[in-house]
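The structure appears below as structure tokens.
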Amino acid sequence: MCYSPALPRLLIIERDSQTVAEDGGVKKILLMVLSILIAGAEEDEQIRFSLEQRHIDQLRKVKVSWDSAETGAPCLSPSGSYPKELLYALQIAFLFGELKPGPYLYKKPRGELMEYSLVIEEMPTSTKFHFSPEHRQLLRKSAIEETEVGWDGETVPGCDPKRPYGDLSYYELEMAQHLGRPTKKNQEGHLEIDEQTEEELTRLHHSMQAAWQVFLENFELQPGTFVGDQWGNWERI
Numbered sequence: 002m003c004y005s006p007a008l009p010r011l012l013i014i015e016r017d018s019q020t021v022a023e024d025g026g027v028k029k030i031l032l033m034v035l036s037i038l039i040a041g042a043e044e045d046e047q048i049r050f051s052l053e054q055r056h057i058d059q060l061r062k063v064k065v066s067w068d069s070a071e072t073g074a075p076c077l078s079p080s081g082s083y084p085k086e087l088l089y090a091l092q093i094a095f096l097f098g099e100l101k102p103g104p105y106l107y108k109k110p111r112g113e114l115m116e117y118s119l120v121i122e123e124m125p126t127s128t129k130f131h132f133s134p135e136h137r138q139l140l141r142k143s144a145i146e147e148t149e150v151g152w153d154g155e156t157v158p159g160c161d162p163k164r165p166y167g168d169l170s171y172y173e174l175e176m177a178q179h180l181g182r183p184t185k186k187n188q189e190g191h192l193e194i195d196e197q198t199e200e201e202l203t204r205l206h207h208s209m210q211a212a213w214q215v216f217l218e219n220f221e222l223q224p225g226t227f228v229g230d231q232w233g234n235w236e237r238i
């Protein structure tokens with residue numbers, strides 16, 4: 002689930018309009034709007050990408066780490082080097098790749114910069130991991146982008162650690178919506194889930210590190226040409 006950040010940036014104009022007006026009036030406001038719209042158009046520019054077998058082969062070899070910022074989410078190992086096209090290949094694989102539910106061998110990846118989710122920390126070095134239909138659905142809904150890791154501004158392909166499944170920082174609620182789990186409105190009229198469901202979905206989210214690894218090592222997908230944008234809105238042509 003993806004979006005363009007250009008539109009939200011327009012909201013800063015209302016906040017800053019007083020200052021802008023004092024510094025130059027309507028003309029500066031119009032120039033600000035124009036620059037935001039141009040930036041948004043560039044970000045939403047359609048991309049044509051040819052997924053080749055070599056991209057699939059590269060994805061099969063990656064090691065999946067855990068980005069511990071914010072909520073936390075899976076990402077590719079910070080020790081690797083990834084061209085932009087591998088981000089596109091990852092987004093497309095999660096949208097269109099197929100993997101049957103069932104048990105798969107999971108070997109906990111090792112490396113100097115490797116981090117683990119709470120669930121993966123508990124796992125042995127080598128074990129059977131059950132890849133479920135819920136894992137598959139969450140892969141489709143994951144917000145895949147270039148995420149910052151470490152303190153040096155380095156980026157790797159990964160899942161947005163603040164809003165891993167699209168729009169909400171209350172990610173367990175968004176998971177429940179994607180998975181068809183029951184939700185309810187509280188006294189303020191806001192949607193929520195019960196405590197047990199929230200705990201189950203938190204654990205499910207932390208198991209996604211293994212789900213990524215198992216999927217990428219075993220998925221099936223025919224190479225082909227796709228059109229989309231950098232936010233992951235891809236279609237096969």
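With this note's numbering applied, the sequence shown corresponds to residues 2 to 238, in that order. Virtual Cβ for every residue (Gly too), placed ideally from N, Cα, C. Small disclaimer: the values here were computed from a predicted structure and weren't measured.
Beta-carbon spacing of residue i, residue j below 8 Å
| i | j | result |
| --- | --- | --- |
| tyrosine 172 | histidine 136 | no |
| proline 162 | alanine 94 | no |
| glutamate 155 | glycine 167 | no |
| phenylalanine 227 | leucine 52 | yes |
| glutamine 54 | proline 224 | yes |
Identity of the residue in the options nearest residue i by Cα
| i | options | result |
| --- | --- | --- |
| aspartate 68 | Leu202, Pro79, Glu221 | Pro79 |
| tryptophan 1 | Ala177, Lys142, Val120 | Within the shown structure, residues of the chain are numbered from 2 to 238, placing residue 1 beyond reach of any answer. |
| tyrosine 83 | Leu222, Leu139, Gln59 | Gln59 |
| glutamate 122 | Phe132, Arg111, His131 | Arg111 |
| proline 165 | Gln214, Gly225, Leu202 | Leu202 |
| proline 102 | Leu119, Ser133, Gln92 | Ser133 |
| glutamine 210 | Gly159, Gln47, Glu200, Gln223 | Gly159 |
| aspartate 195 | Ala177, Arg237, Glu189 | Ala177 |
| leucine 114 | His131, Met124, Val157 | Val157 |
| glutamate 71 | Asn219, Thr198, Arg61, Ser170 | Ser170 |
| threonine 126 | Lys109, Tyr117, Arg61, Ser118 | Lys109 |
| proline 104 | Ile238, Asn219, His191 | Asn219 |
| valine 215 | His131, Glu46, Ser118 | His131 |
Cβ-Cβ separation, residue j to residue i (assumed contact under 8 Å), whole Å
| i | j | result |
| --- | --- | --- |
| lysine 129 | leucine 106 | 6 Å |
| histidine 179 | leucine 217 | 20 Å between Cβ atoms; not a contact. |
| arginine 204 | valine 120 | 6 Å |
| glycine 229 | isoleucine 48 | 6 Å |
| leucine 96 | tryptophan 235 | 6 Å |
| glutamate 193 | glycine 98 | Not a contact, Cβ separation roughly 33 Å. |
Terminal residues of the alpha helix (DSSP H) in which residue i lies
| i | result |
| --- | --- |
| tryptophan 213 | 209-219 |
| histidine 191 | Neither: histidine 191 is in no alpha helix (DSSP H) and is coded neither H nor E. |
| alanine 177 | 172-180 |
| isoleucine 238 | Premise fails: isoleucine 238 is in no alpha helix (DSSP H) and is neither H nor E. |
| leucine 91 | 85-97 |
| threonine 100 | For the sequence presented, residue 100 should be read as leucine rather than threonine. Note, leucine 100: premise wrong, no alpha helix (DSSP H); not H, not E. |
| leucine 114 | Careful: leucine 114 lies outside any alpha helix (DSSP H) and carries neither H nor E. |
Where the beta strand (DSSP E) through residue i begins and ends
| i | result |
| --- | --- |
| isoleucine 145 | 145-149 |
| isoleucine 48 | 48-52 |
| leucine 106 | 103-108 |
| alanine 74 | 74-77 |
| valine 228 | 225-229 |
| proline 158 | 156-160 |
| lysine 129 | 127-132 |
| valine 65 | 65-68 |
Check: residue i C-beta below 7 Å from any heavy atom of the ligand GDP
| i | result |
| --- | --- |
| proline 102 | Annotation note on the ligand GDP: not contained in the displayed structure, which lists no ligands. |
Any chain B beta carbon closer than 8 Å to residue i
| i | result |
| --- | --- |
| threonine 126 | Absent from the structure is chain B; it holds one protein chain and no more. |
Quiz item: Is the stretch 140-157 close to the stretch 79-89, with three or more CB pairs under 8 Å?
Solution: Enough Cβ pairs lie closer than 8 Å, so yes.
Quiz item: Contact between the stretch 181-194 and the stretch 53-69: three or more CB pairs below 8 Å?
Solution: Put simply, the stretch 181-194 does not touch the stretch 53-69. Fewer than three CB pairs are less than 8 Å apart.
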